[in-house]
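Peer 1: Starting off with a structure, shown below.
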Amino acid sequence: MESIRVSIAAPIWSSPELALERRRRRRRPPPPPPAGRRSSLSRSAGRLSALFAMDVSQADPLKEVTLGTVMATEEEYASQSKLLQEFTNVCSIDKAWIFQSEKGKGSQAMFSVSQSNLLANKRRKFILSAQIASESSNSVTFQWAQFPVEMANASLIVPSPSGSKLLIVKNPENDSPVQLEIWGSSQLEKEFHIPQSVHGSVYTDKWFEGVSWNFDESLIAYVAEEPAPSKPTFDSSGYKKDSSNEKDCGSWKGQGDFEEEWGETYAGKRKPALFVIDIQSGEVRAVQGIASSLSVGQVIWAPSSGGIDQHLVFVGWSSDQRKLGIRYCYNRPCALYVTKNPFHQSEANEKDFKGDSGKGSTLYNLTQSISSAFLPRFSPDGKYLLFLSAKSAVDSGAHGATNSLHKIDWPVDGELSLHRSIVDVIPVIMNAEEGHFPGLYFSGLLTNPWLSDGCTMILSSIWGSSEVILAVNVLNGSVSRISPTESSASWEILSLDGDNIVAVSSSPTDVPQLKYGYLIDKTISSASWSWLDISSSIFKCSEKVKMLLGSLQFNIIKIPVKNVAACTTKGASKPFEAIFVSTKSKNDLPDPLIVVLHGGPHAVAISSFSKSLAFLSSLGFSLLIVNYRGSIGFGEEALQSLPGKVGSQDVDDVLTAIDHAVNLGLANPSRIAVVGGSHGGFLTTHLIGQAPDKFIAAATRNPVCNLGLMVGTTDIPDWCYVESFGSEGKNHFTEAPSAEHLSLFYSKSPISHLHKVCCG
Numbered sequence: 001m002e003s004i005r006v007s008i009a010a011p012i013w014s015s016p017e018l019a020l021e022r023r024r025r026r027r028r029p030p031p032p033p034p035a036g037r038r039s040s041l042s043r044s045a046g047r048l049s050a051l052f053a054m055d056v057s058q059a060d061p062l063k064e065v066t067l068g069t070v071m072a073t074e075e076e077y078a079s080q081s082k083l084l085q086e087f088t089n090v091c092s093i094d095k096a097w098i099f100q101s102e103k104g105k106g107s108q109a110m111f112s113v114s115q116s117n118l119l120a121n122k123r124r125k126f127i128l129s130a131q132i133a134s135e136s137s138n139s140v141t142f143q144w145a146q147f148p149v150e151m152a153n154a155s156l157i158v159p160s161p162s163g164s165k166l167l168i169v170k171n172p173e174n175d176s177p178v179q180l181e182i183w184g185s186s187q188l189e190k191e192f193h194i195p196q197s198v199h200g201s202v203y204t205d206k207w208f209e210g211v212s213w214n215f216d217e218s219l220i221a222y223v224a225e226e227p228a229p230s231k232p233t234f235d236s237s238g239y240k241k242d243s244s245n246e247k248d249c250g251s252w253k254g255q256g257d258f259e260e261e262w263g264e265t266y267a268g269k270r271k272p273a274l275f276v277i278d279i280q281s282g283e284v285r286a287v288q289g290i291a292s293s294l295s296v297g298q299v300i301w302a303p304s305s306g307g308i309d310q311h312l313v314f315v316g317w318s319s320d321q322r323k324l325g326i327r328y329c330y331n332r333p334c335a336l337y338v339t340k341n342p343f344h345q346s347e348a349n350e351k352d353f354k355g356d357s358g359k360g361s362t363l364y365n366l367t368q369s370i371s372s373a374f375l376p377r378f379s380p381d382g383k384y385l386l387f388l389s390a391k392s393a394v395d396s397g398a399h400g401a402t403n404s405l406h407k408i409d410w411p412v413d414g415e416l417s418l419h420r421s422i423v424d425v426i427p428v429i430m431n432a433e434e435g436h437f438p439g440l441y442f443s444g445l446l447t448n449p450w451l452s453d454g455c456t457m458i459l460s461s462i463w464g465s466s467e468v469i470l471a472v473n474v475l476n477g478s479v480s481r482i483s484p485t486e487s488s489a490s491w492e493i494l495s496l497d498g499d500n501i502v503a504v505s506s507s508p509t510d511v512p513q514l515k516y517g518y519l520i521d522k523t524i525s526s527a528s529w530s531w532l533d534i535s536s537s538i539f540k541c542s543e544k545v546k547m548l549l550g551s552l553q554f555n556i557i558k559i560p561v562k563n564v565a566a567c568t569t570k571g572a573s574k575p576f577e578a579i580f581v582s583t584k585s586k587n588d589l590p591d592p593l594i595v596v597l598h599g600g601p602h603a604v605a606i607s608s609f610s611k612s613l614a615f616l617s618s619l620g621f622s623l624l625i626v627n628y629r630g631s632i633g634f635g636e637e638a639l640q641s642l643p644g645k646v647g648s649q650d651v652d653d654v655l656t657a658i659d660h661a662v663n664l665g666l667a668n669p670s671r672i673a674v675v676g677g678s679h680g681g682f683l684t685t686h687l688i689g690q691a692p693d694k695f696i697a698a699a700t701r702n703p704v705c706n707l708g709l710m711v712g713t714t715d716i717p718d719w720c721y722v723e724s725f726g727s728e729g730k731n732h733f734t735e736a737p738s739a740e741h742l743s744l745f746y747s748k749s750p751i752s753h754l755h756k757v758c759c760g
């Protein structure tokens with residue numbers, strides 16, 4: 001029997017040679033497809049369906065079929081495209097805020113919701129409000145507004161702490177001014193147009209992004225692009241003055257001194273800088289005294305002292321050396337800094353703190369003894385400054401690793417001193433016992449994550465193949481999982497309603513569902529939580545989608561490591577996981593299987609709702625979503641077992657997972673496809689080279705096929721070294737790889753197995 005092996009790729013960038021051009025093109029969205037054009041996902045799904053439907057045991061497939069003859073009919077494509085549209089119409093909640101009502105009864109919720117617009121290749125954004133009323137200790141009602149309000153031109157919305165004001169940021173698409181709007185409960189109160197000579201667009205990237213109201217809601221600190229430098233002009237005779245008229249001298253316009261960017265996503269964006277606006281006068285002041293080598297983000301106000309907001313705390317990333325890509329890269333060193341409010345005039349007798357530039361400096365590094373500090377949050381009483389750290393990633397070189405939580409004592413009198421000790425609240429968890437807390441894995445925190453006791457933070461984190469909600473006591477470091485332990489679905493916190501929680505839960509077979517959590521008994525030290533379903537039309541889907549999802553099931557499978565003797569740590573020898581999605585109906589033969597591989601590699605696929613994967617499942621495919629060792633959520637030892645072994649350990653884990661599924665009767669070994677993007681594409685192309693007889697089809701997005709080529713074209717060349725050499729790669733990293741380095745890169749790359757790939 002000769003099997004058919006076909007590599008299917010949608011019209012996407014699929015080789016590292018095109019990485020730079022791909023990133024340049026990402027700066028602007030592609031034009032919308034003509035009406036009626038099918039999506040690439042539905043085309044690929046149709047081809048997969050046709051391939052799996054073939055009886056490969058009959059005759060010679062090369063004589064019987066070509067790619068053209070296995071194409072599904074136009075009617076099937078049209079049906080699949082329509083179904084895909086129905087799945088993508090399901091909305092997502094991006095953010096939520098809850099405010100106590102003025103009369104003290106109930107509260108007001110505001111949800112920022114988005115919906116895909118496939119034809120325009122954009123997302124629609126809108127606001128939906130609800131009145132929350134608690135009828136009893138175990139009953140709550142959400143009274144929803146009749147219609148949502150679209151926020152078509154809003155780049156960012158940030159309510160004030162009291163909920164009485166709303167900031168709307170509107171970034172321009174050209175050199176026009178940035179528009180800041182301050183809304184009250186019933187009307188627009190202030191509108192400011194900030195020219196590009198003051199600053200550029202406000203950052204909305206969820207990393208450098210930082211917008212913070214002060215405590216009396218008169219000032220707003222925010223991060224925006226620094227003002228554009230003047231552009232010199234040149235002609236054939238050399239340099240001309242800035243005021244030279246280009247038409248008069250026939251010159252071409254230069255762009256000034258070259259300045260590096262932070263890689264993918266930040267192409268064309270100027271350095272993030274810190275500004276404060278007085279919303280009464282509209283005056284904007286840049287925060288002075290910040291070194292030009294420092295990129296700033298995640299700004300918050302320090303607690304007021306004597307009723308005066310004197311200081312700002314922010315995260316700074318130094319660029320004394322080359323700027324490497326920062327998107328999804330938590331291994332970039334960063335620190336917390338404190339600086340003075342530019343609107344605060346120091347009194348003559350006020351004691352200046354000694355900053356990094358000496359006595360009288362307005363800038364001071366709060367976290368010099370740790371290599372990473374971000375997402376700062378003050379405790380409600382102002383006594384502690386909490387922050388997250390990715391020191392494991394920085395120190396090892398892995399772009400993502402297990403996080404830790406720390407705190408610094410903060411002076412309630414506002415008198416800052418030089419020496420502040422950093423206290424560990426939650427350390428890096430190297431290896432957890434089965435069922436125990438595996439460590440912190442998250443990149444976001446609520447603006448106000450505190451319960452009323454002032455010492456309990458509520459946050460979401462990855463726990464194995466699921467996202468869960470945790471309660472962290474910052475005084476004693478205890479961690480409790482408060483989302484249901486019996487649930488394999490993923491849970492994400494949206495906001496706090498006093499001591500209650502508004503969250504969203506979803507799974508590979510269930511669209512998101514709003515949940516409301518409350519403590520059953522606050523007096524019990526290990527209090528348990530109860531969760532109520534909240535009726536909402538936010539996640540409304542068609543009857544057909546409901547029916548198809550209702551026919552599916554999923555479970556999380558633990559897969560034993562194949563070669564335990566080769567493991568150097570206990571954590572690396574523990575079983576890894578895969579999410580298996582299938583139909584509930586019993587068939588004589590298993591449905592065709594698609595193996596889904598996440599990127600990273602230090603990322604994770606969680607048991608939440610994915611529109612694209614739910615679409616594939618609804619077409620009759622089973623899914624095996626593999627979290628190979630090196631994924632986050634399983635402890636630091638398991639994660640650090642992968643660097644230096646990419647292309648071997650991760651490939652072996654995927655093959656082990658497939659064999660495990662086959663042995664359980666979940667998959668037919670002759671009907672398996674594999675898909676993945678980025679590092680998942682690296683694995684996909686490795687698999688069809690190292691195990692060509694395993695797969696009937698493969699689809700890749702943006703795969704890493706040649707590490708030796710990638711290292712010279714990517715904005716994350718250090719990734720190539722760390723993943724190929726292990727943690728020692730930090731020491732080997734160079735801008736000019738040696739012949740020995742290039743040889744190792746080749747041996748780790750899928751291209752080294754190209755000669756073994758089979759095509760039907």
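Heads up: the sequence shown begins at 1 in full-length UniProt numbering, then just goes up one per residue. C-beta: ideal position from N, C-alpha, C; glycine also.
If you drop the 5 nearest sequence neighbours on each side, which residues of the same chain put their C-beta closer than 7 Å to that of Ser101?
Peer 2: Excluding positions up to five away in sequence, the list reads Ser107 and Gln108.
Peer 1: On the CB-based measure, 16 or more other CB atoms within 10 Å of its CB, does Phe258 come out buried or exposed?
Peer 2: By the 10 Å Cβ count, Phe258 comes out exposed.
Peer 1: Name the one or two DSSP bridge partners that Pro159 has.
Peer 2: Partner(s): Leu166.
Peer 1: Taking the alpha-carbon positions, what's the Gly689 to Asn117 distance?
Peer 2: Looking at the two C-alpha atoms, the distance is approximately 37 Å.
Peer 1: Closest to Lys730 by C-alpha separation, out of Met457, Asp499, His399 and Ser585, would be which residue?
Peer 2: Selected option, being the one with the closest Cα: His399.
Peer 1: Going by C-alpha to C-alpha distance, which of Phe733, Glu723 and Gly439 sits closest to Ser747?
Peer 2: Here the closest residue by C-alpha is Glu723.
Peer 1: For Phe682, collect the residues of the same chain with a Cβ closer than 6 Å to its Cβ; drop the 5 residues on either side in sequence, then sort them by chain order.
Peer 2: The answer, listed in chain order, is Pro703 and Val704.
Peer 1: Rounding to the nearest angstrom, what Cα-Cα distance links Ser421 and Val626 in this structure?
Peer 2: The straight-line gap from Cα to Cα measures roughly 41 Å.
Peer 1: Ordered along the chain, which non-local residues of its own chain (more than five positions away) have a Cβ less than 7 Å from that of Lys429?
Peer 2: Note on identity: in this sequence residue 429 is Ile, with Lys being the wrong assignment. Within the same chain, Ile429 has close Cβ partners Thr402, Phe437, Pro438, Gly439, Gly635 and Glu636.
Peer 1: For a test of the three-state rule: what should DSSP assign to Pro438, helix, strand or coil?
Peer 2: The answer is coil: DSSP assigns Pro438 none of H, G, I, E or B.
Peer 1: I think Tyr203 touches Pro159, with their Cβ atoms under 8 Å apart; what is that distance to the nearest whole Å?
Peer 2: Rounded, the Cβ-Cβ distance is 18 Å, inconsistent with contact.
Peer 1: Compute the Euclidean distance between the alpha carbons of Leu514 and His406, then round it to the nearest angstrom.
Peer 2: If I take the Cα positions, the gap works out to 31 Å.
Peer 1: Let's test the definition: count the other Cβ atoms within 10 Å of the Cβ of Val502 and tell me whether it reaches 16, buried, or not, exposed.
Peer 2: Label assigned to Val502: buried.
Peer 1: Residues in the same chain with beta-carbon distance under 6 Å from Ser483, minus the five sequence neighbours each way, listed in chain order, please.
Peer 2: Taken in chain order, the residues that qualify are Val468, Ile469 and Trp491.
Peer 1: Looking at Ala154 and Lys170, is the spacing between their C-beta atoms short of 9 Å?
Peer 2: Yes; because the gap between Cβ atoms is below 9 Å, this pair is in contact.
Peer 1: Does DSSP classify Trp719 as helix, strand or coil?
Peer 2: Correct three-state label for Trp719: helix.
Peer 1: Within its chain, find whatever has a CB closer than 6 Å to the CB of Ser221; leave out the 5 residues flanking it on each side and keep chain order.
Peer 2: In the sequence as presented, Ser is not what sits at residue 221; that position holds Ala. Closer than 6 Å at the Cβ level, and outside the excluded window around Ala221, lie Ser212, Val276, Val299 and Leu312.
Peer 1: Out of Ala661, Asp659 and Pro601, which has the shortest C-alpha to C-alpha gap to residue 761?
Peer 2: Here the chain has residues from 1 to 760 only, and residue 761 is not among them.
Peer 1: CB Gly263 to CB Leu324, shorter than 9 Å?
Peer 2: Yes, the pair counts as a contact, with Cβ atoms nearer than the cut-off.
Peer 1: Examine the Cβ distances between the region 539-554 and the region 587-595 and report whether three or more of them are shorter than 8 Å.
Peer 2: As far as the Cβ criterion goes, the region 539-554 does not touch the region 587-595, which means the pair count is below three.
Peer 1: May I have the straight-line CA-CA distance separating Lys351 from Pro411, to the nearest angstrom?
Peer 2: Confidence at Lys351 is low in this model, with a pLDDT of 46, below 50, so the placement of that residue is unreliable and no value is reported for it.
Peer 1: Over what stretch of residues does the beta strand (DSSP E) that includes Tyr516 continue unbroken?
Peer 2: Asp510 to Leu519 is the extent of the beta strand (DSSP E) around Tyr516.
Peer 1: Under three-state DSSP, which class holds Tyr203?
Peer 2: Coil, per DSSP.
Peer 1: Could you spell out the range, first to last residue, of the alpha helix (DSSP H) harbouring Leu754?
Peer 2: Per DSSP, Leu754 belongs to no alpha helix (DSSP H) and is neither H nor E.
Peer 1: According to DSSP, which residues form a beta bridge with Gly297?
Peer 2: DSSP lists Val315 as partners of Gly297.
Peer 1: From Gly444, Ser618 and Thr684, pick the residue whose C-alpha is nearest to that of Pro750; which is it?
Peer 2: It is Thr684 whose Cα lies nearest to the Cα of Pro750.
Peer 1: Look up Ser483 in the DSSP assignment and say whether it is helix, strand or coil.
Peer 2: Note: Ser483 maps to coil in three-state DSSP.
Peer 1: So is Leu664 buried or exposed if we call it buried at 16+ other beta carbons inside 10 Å?
Peer 2: Flag for Leu664 reads exposed.
Peer 1: If you follow the alpha helix (DSSP H) that Val472 is in, where does it begin and where does it stop?
Peer 2: Here Val472 belongs to no alpha helix (DSSP H); instead the beta strand (DSSP E) covers Ser466 to Asn473.
Peer 1: Exposed or buried, Leu532, counting other C-beta atoms within 10 Å across all chains shown (16 or more means buried)?
Peer 2: Counting Cβ neighbours within 10 Å, Leu532 comes out exposed, since fewer than 16 surround it.
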